[in-house]
Amino acid sequence: MSESLGKRIHGLRGAARLTAIGEVVSQWRASGASRAAFCREVGIAPVTLGRWIGRLEAANGEQGTGPVFVELDARRRRAAEPFEIVLSSG
51 MSESLGKRIH GLRGAARLTA IGEVVSQWRA SGASRAAFCR EVGIAPVTLG RWIGRLEAAN
111 GEQGTGPVFV ELDARRRRAA EPFEIVLSSG
């Protein structure tokens, strides 16, 4: 892998890009190195590797650790109880 790894992958599109990302992520996992050490070795930023891992997981239908949105029934909401804020300055 060369220092232009990020640029090389950035230039790819579609399935070719996803395949290249998958190869890099597989190499990182097989290396046993930390993200930071692996990224330093191949010349990419750790945040880039993290983004690629996220894209690969999304493409594979894996559930990420992002926020989960739950629809609430508005009819079942109770009115909020009133509250008082007391400031230390009076």
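For the sequence shown, the numbering used here begins at 51 and goes up steadily by one. Beta carbons are placed, not taken as given, at the ideal position from N, Cα and C, and that holds for glycine.
Report all residues from its chain with a CB closer than 7 Å to the CB of Ala86; omit the five preceding and five following residues, and keep chain order. Pro96
Hey, Val75 and Ile94: beta-carbon distance below 8 Å or not? no
Quick check: the Cα distance between Met51 and Glu107, rounded to an integer number of angstroms? The predicted model places Met51 with a pLDDT of 45, which falls under 50 and marks its position as unreliable, so this point remains unresolved.
Would you give the residue range spanned by the alpha helix (DSSP H) that Leu55 belongs to? 55-60
Flag Arg125 as yes when its Cβ comes closer than 7 Å to any non-hydrogen atom of the ligand NAD, and as no otherwise. Because no ligand of any kind appears in the structure shown, any question about the ligand NAD cannot be addressed here.
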